[in-house]
Amino acid sequence: MNSTLLPETAPDRLATVAAEIARLANSNISAEMFVKGLLDRIRPALSARSVALWGLSQQGAFALVGEQNLAETGVTRDPALSRANIRHLLDTATSGKITRQSEAPTGREGEPGAAVLFAPVSTRKRCVGVLQIFLAQDLSPVDWIDVESFLDEVCSSTAYFLNWREESYSMTMLSQFWDRFDQTTAQIHSSLDRQLVALRIANDGRRLLNCDRLSLVIQHGARTRVLAVSGQEQVNHSSNLVRSLAELGNLAIQANREIGTGTDLPGTPAAIEHQISEHLQLGGARLVRVVPLRAPAAERDTEEHPAAAPNAAFAALILEQFTEAWLAPTTIDRLYRYAVHAGAALHNAQTHQRVFLLPVRQALGAAWGHLAGRPLLKLAAAGITLLLAGVICASVPATYRIEARGKLMPAVQSSVFAPWDGVVTEVLVTGGQRVETGQVLARLHNDELQSQLLASRNRAAEKRQQLETLKAEIGETNRRAMAPDELVRLRGRLAQTRVELNDATERTEALEHQLEQLTIRAPITGTVASFQVEQSLLHRPVRRGDLLVEVMDEDAEWRLEVAVPEQRMGHLVAAQAQVPDGRLKTEFVLATTPEDTCHGEVAEVGTRANTSPDQGSVVLVHVAVDRDEIRHCRIGAEAISKIECGQKSLGYVLFGDAVEFVQRHVW
Numbered sequence: 002m003n004s005t006l007l008p009e010t011a012p013d014r015l016a017t018v019a020a021e022i023a024r025l026a027n028s029n030i031s032a033e034m035f036v037k038g039l040l041d042r043i044r045p046a047l048s049a050r051s052v053a054l055w056g057l058s059q060q061g062a063f064a065l066v067g068e069q070n071l072a073e074t075g076v077t078r079d080p081a082l083s084r085a086n087i088r089h090l091l092d093t094a095t096s097g098k099i100t101r102q103s104e105a106p107t108g109r110e111g112e113p114g115a116a117v118l119f120a121p122v123s124t125r126k127r128c129v130g131v132l133q134i135f136l137a138q139d140l141s142p143v144d145w146i147d148v149e150s151f152l153d154e155v156c157s158s159t160a161y162f163l164n165w166r167e168e169s170y171s172m173t174m175l176s177q178f179w180d181r182f183d184q185t186t187a188q189i190h191s192s193l194d195r196q197l198v199a200l201r202i203a204n205d206g207r208r209l210l211n212c213d214r215l216s217l218v219i220q221h222g223a224r225t226r227v228l229a230v231s232g233q234e235q236v237n238h239s240s241n242l243v244r245s246l247a248e249l250g251n252l253a254i255q256a257n258r259e260i261g262t263g264t265d266l267p268g269t270p271a272a273i274e275h276q277i278s279e280h281l282q283l284g285g286a287r288l289v290r291v292v293p294l295r296a297p298a299a300e301r302d303t304e305e306h307p308a309a310a311p312n313a314a315f316a317a318l319i320l321e322q323f324t325e326a327w328l329a330p331t332t333i334d335r336l337y338r339y340a341v342h343a344g345a346a347l348h349n350a351q352t353h354q355r356v357f358l359l360p361v362r363q364a365l366g367a368a369w370g371h372l373a374g375r376p377l378l379k380l381a382a383a384g385i386t387l388l389l390a391g392v393i394c395a396s397v398p399a400t401y402r403i404e405a406r407g408k409l410m411p412a413v414q415s416s417v418f419a420p421w422d423g424v425v426t427e428v429l430v431t432g433g434q435r436v437e438t439g440q441v442l443a444r445l446h447n448d449e450l451q452s453q454l455l456a457s458r459n460r461a462a463e464k465r466q467q468l469e470t471l472k473a474e475i476g477e478t479n480r481r482a483m484a485p486d487e488l489v490r491l492r493g494r495l496a497q498t499r500v501e502l503n504d505a506t507e508r509t510e511a512l513e514h515q516l517e518q519l520t521i522r523a524p525i526t527g528t529v530a531s532f533q534v535e536q537s538l539l540h541r542p543v544r545r546g547d548l549l550v551e552v553m554d555e556d557a558e559w560r561l562e563v564a565v566p567e568q569r570m571g572h573l574v575a576a577q578a579q580v581p582d583g584r585l586k587t588e589f590v591l592a593t594t595p596e597d598t599c600h601g602e603v604a605e606v607g608t609r610a611n612t613s614p615d616q617g618s619v620v621l622v623h624v625a626v627d628r629d630e631i632r633h634c635r636i637g638a639e640a641i642s643k644i645e646c647g648q649k650s651l652g653y654v655l656f657g658d659a660v661e662f663v664q665r666h667v668w
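Those letters in the sequence shown? Residues 2 to 668, by my numbering.
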C-alpha cells in the first residue's frame with residue numbers, strides 16, 4: 002500500500018528519537034532500563050500498535066526480552082502465528098537485513114493494511130536479537146526510506162549498548178583488561194627515551210583502549226608538535242592531518258581542559274568547536290577526544306594543598322574513532338586512568354632527556370672511572386686508540402653495499418588500458434582471481450560508437466537497396482533498347498553506389514572492431530593484481546588510455562624491482578665492470594618475512610633516472626631472485642635490498658657517505 006503513515010515532520014522527529022536512543026545507549030544504566038526506554042521511544046515515534054525485542058541465544062533460540070502490547074497481535078497465544086513469527090525472526094537474523102511483512106501477523110481480515118517490521122541487532126560477533134514493530138498500516142515508499150534509516154540507527158545504538166555492557170561487566174573481560182592495563186603501563190614506564198615512550202603510549206594505548214587512532218601531542222617551546230601517531234613509525238609533520246592534530250592538542254593544552262565531541266563536554270567555546278569540526282571533516286573521524294596530560298604532582302604539594310588547582314598541561318592525548326560517534330562510560334574512565342600514567346611516563350622521559358649531553362656524559366663517565374688516577378695510562382690509551390682506529394680503517398677490507406628499497410613483483414606482467422572512451426558496465430573478475438589469455442575481464446559501453454555503428458549499418462543497407470534498384474533499371478533499359486546515354490548514366494551511378502557501399506561496409510566493419518575492443522580481455526595468463534576491481538571500475542566513466550587492471554603471472558619468474566639512489570649508481574656501474582657478466586650479488590629482506598634473508602643477482606639496470614617522491618632521483622634496477630628461497634611470494638611486497646659493490650676499506654665503508662656529502666656540497 003502507498004498510504005502515508007508518518008506526518009511531514011516525521012524525518013526530523015525520527016532523527017530526534019534516534020539521537021535520544023543513542024544517548025540512552027551511552028548511559029550507565031541497567032539492561033532492563035535501557036530496553037524499557039528503547040521501547041517507550043520507538044512505539045510513539047512510529048505510531049506502532051505494539052513493539053517487541055527478542056533475544057537470540059547462541060543455540061539459536063529466541064526469547065522475549067521486552068514488549069509493549071504484544072498480546073494484542075496474537076503471536077504469544079496462537080501456536081501457528083507464533084511459529085510463523087519465529088520463522089520471520091530467524092530469517093531476519095540470518096539475512097542481517099531490515100525486512101517488512103506487508104500482511105499483519107494476526108492474519109485477521111480486518112487489518113489488510115497492517116505491516117510488521119523486523120530489524121536485526123548484531124554485535125561484533127553475531128546477531129543477538131531482533132526488534133519487531135507492528136504498525137497499524139503499511140508504509141509508503143518515502144516513509145519506508147525514513148523508517149529503515151531510523152531502525153538502522155536504533156539497532157546500531159542497541160548493539161553498541163550490549164557491546165560496552167559486556168566489556169564492562171564481564172569478569173573475564175575485566176580481568177583481561179586490567180592485566181593488559183598493567184602490562185601497558187609497565188611498558189611505558191620502563192624507558193626514559195622520550196620517543197620510545199611516545200611510540201608505546203600511542204601504539205600500546207590504541208590497542209588497550211580499542212580505538213581507531215591514538216596520537217600524542219607535546220608542547221615544544223611556543224608551538225605544539227605531534228610526537229607519535231598510532232600505526233606510524235614516523236610522523237609527517239607537513240601533512241594537513243598532522244597539523245590539525247597539533248592544533249587540537251594546542252587548544253587543549255592552552256585551555257588546560259578536555260575538549261572533543263560528545264554531550265558530556267558542555268561549555269566548549271565556539272572557536273574550539275569550529276576547530277574540532279574542521280578536524281573531523283579533514284580526517285574522516287566521527288569522534289575525537291583530547292585529554293590534556295599533566296606532570297605528576299609532588300607529594301608535598303598534594304599534602305599541603307589538597308584542593309589546589311591541577312598542574313598545567315604539557316602534552317595531550319588525542320583519541321579518534323572512525324566507526325562510532327560516541328564513547329562508552331567505561332572507555333572514558335579507562336582513558337582518564339591511562340592519561341595519568343602516560344603523562345607521568347612522558348614527563349619523566351622528557352625531564353631525563355633535558356639533561357645536557359646526557360649520552361656523551363654517561364659514556365665518558367664510565368671510561369673516566371676506569372682511568373681515574375692514572376694520567377700516563379690515559380694518554381697512552383688515547384694515542385693507541387686513535388692509531389689503531391686509523392690502521393684498521395685504512396687496511397681492513399670490507400664489502401661495500403648499496404642499500405635500496407624495492408618491491409617483489411612477477412617478471413611477466415601486463416597492464417590493461419581502456420581502448421576507447423566509455424563507461425564500465427560490467428566487471429567479470431575480482432582482485433586475486435586467476436585468468437587465462439583472452440578471458441573477458443570487463444566490458445565498456447560507448448554511446449557514440451553505438452550511434453555511429455547504427456548509422457553506418459543503415460547507410461550500407463540504403464546503398465544496397467540503391468544498388469539493386471540501379472541493377473533493375475539497367476536491365477529494363479537493355480530490354481527496351483533505350484538511348485545509350487541513359488545506359489551510361491545508370492552504369493555510372495551503379496559504380497558510384499558500389500564505391501559508397503564498399504565505404505559504408507568498411508566503416509561498419511571498423512566500428513564493429515572498435516566495439517569488440519570494448520570487451521576487455523586478459524592479455525596474458527596470470528592473476529588480477531588490482532585491488533577491489535569492481536568497486537573502483539563498475540559504472541565509472543573512463544577515457545582512452547586509462548589503466549583498468551593489471552595482470553601478473555605468479556607462476557613465472559619473480560624479480561625485485563629496486564629504486565637505487567642516483568648518487569649510488571657510480572659504485573654500482575664500477576662494480577659491474579669488474580664482474581664478467583655484471584650480475585652483482587644482492588641480499589634483501591621482505592617486509593612480509595623480515596626474519597628471512599634472501600639472495601639474488603642484478604639482472605638489469607635502467608638507462609635513465611626517474612624522480613621518486615620519497616627518494617628523489619633514482620634508477621630502477623631489476624634483481625633476479627630464486628622463487629623457491631622465498632616463503633611467501635606476494636605481489637608488491639616491500640623489500641630492503643643491499644647490492645654488493647666489491648671490496649673497499651673499512652673506513653670508506655663506514656664514513657664514505659660523509660666524504661661523498663662533503664664532495665657534493667663543499668668541493
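Ideal Cβ placement from N, Cα and C applies to all residues, glycine included.
Query	Result
Provide the residue span of the beta strand (DSSP E) that contains V293, from first to last.	Note that residue 293 is Pro in the sequence shown, not Val. Counting along the chain, the beta strand (DSSP E) containing P293 begins and ends at 288–295.
Which class does A473 belong to by DSSP, given the choice of helix, strand or coil?	helix
How is the beta strand (DSSP E) around L82 delimited, first residue to last?	Taken as a continuous stretch (DSSP letters only), L82 belongs to no beta strand (DSSP E), being part of the alpha helix (DSSP H) at 80–96.
Which whole-angstrom value is the C-beta distance of R290 and F315, which I expect to be below 8 Å?	Their Cβ separation, rounded to whole angstroms, is 18 Å, which puts R290 and F315 out of contact at 8 Å.
Pick out whichever of R101, Q533, D504, C212 has its Cα sitting closest to the Cα of F1.	The structure shown has nothing for residue 1, since the chain only spans 2 to 668.
What residues in its chain sit with their C-beta under 6 Å from that of N479, if we drop five residues either side in the sequence?	none
Are the CB atoms of L1 and V425 nearer to each other than 7 Å?	As shown, the chain starts at 2 and ends at 668. That puts residue 1 outside it, with no answer to give.
Taking the alpha helix (DSSP H) that V500 belongs to, which residues open and close that run?	485–518
DSSP beta-bridge partners for G261?	R290
Are H446 and G423 closer than 7 Å when you measure CB to CB?	yes
Looking at C-beta atoms only, is the number of pairs between the stretch 135–155 and the stretch 115–122 that lie closer than 8 Å three or more?	yes
Classify P411 as buried or exposed, calling it buried when 16 or more other Cβ atoms lie within 10 Å of its own Cβ.	buried
Which same chain residues, not among the five before or five after P398, have their C-beta less than 6 Å away from its C-beta?	Q648
Between R499, L488, E449, S176, which lies nearest to E463 when the distance is taken from Cα to Cα?	R499
Name the residue from G527, A390, D183 whose alpha carbon lies nearest to the alpha carbon of S650.	A390
Starting from Q664 and walking both ways along the alpha helix (DSSP H), at which residues does that stretch end?	651–666
Looking at C-alpha atoms only, which residue of R244, H280, N241 is the closest neighbour of I260?	H280
Leaving out five residues before and five after I644 in sequence, what residues of the same chain have Cβ atoms less than 6 Å from its Cβ?	I403, L585, T587
Quick check on E321: buried or exposed, where buried means 16 or more other Cβ atoms within 10 Å of its Cβ?	buried
Tell me the residue span of the beta strand (DSSP E) that contains P45.	Counting along the chain, P45 falls outside any beta strand (DSSP E), though it belongs to the alpha helix (DSSP H) covering 32–47.
Less than 7 Å separating the beta-carbons of V131 and P142?	no
What is the rounded straight-line gap between the Cα of R1 and the Cα of H275?	An answer regarding residue 1 cannot be provided, because it is not within the stretch 2 to 668 covered by the chain.
In angstroms with no decimal places, state the Cα-to-Cα distance between R127 and T95.	10 Å
Taking the C-alpha atoms as reference points, what is the distance between G111 and V129?	Caution applies to G111, whose pLDDT of 40 falls short of 50 and renders its modelled position unreliable; the model cannot decide the point.
How do the stretch 229–238 and the stretch 366–379 stand: do at least 3 beta-carbon pairs fall below 8 Å, yes or no?	no
Verify whether the separation of the beta carbon atoms of I273 and L252 is less than 7 Å.	yes
If contacts are defined as beta-carbon pairs under 8 Å, then H600 and E639 qualify, I think. What distance do you get, rounded to the angstrom?	In fact, because the Cβ distance is near 18 Å, the residues do not count as touching under 8 Å.
Is P293 buried or exposed, if buried means 16 or more other CB atoms sit within 10 Å of its CB?	buried
According to the neighbour-count rule (16 or more other Cβ atoms, all chains shown, within 10 Å of its Cβ), is F119 buried or exposed?	buried
Which of the three DSSP states is assigned to A419 in this structure?	coil
Since A399 is in the beta strand (DSSP E), which residue starts that stretch and which ends it?	398–411
For R207, collect the residues of the same chain with a Cβ closer than 6 Å to its Cβ; drop the 5 residues on either side in sequence, then sort them by chain order.	L215, S231
Who are K586's beta bridge partners in DSSP?	E602
Report the three-state DSSP secondary structure of C670 (helix, strand or coil).	The requested residue 670 does not occur in the structure, where the chain is confined to residues 2 to 668.
Between A659 and the ligand NAP, is there a pair consisting of the residue's CB and a ligand heavy atom that are separated by less than 6 Å?	Among the components modelled here there is no ligand, and therefore nothing to report on the ligand NAP.
Once the 5 residues before and after P297 are set aside, which same chain residues still bring their CB inside 6 Å of it?	A345
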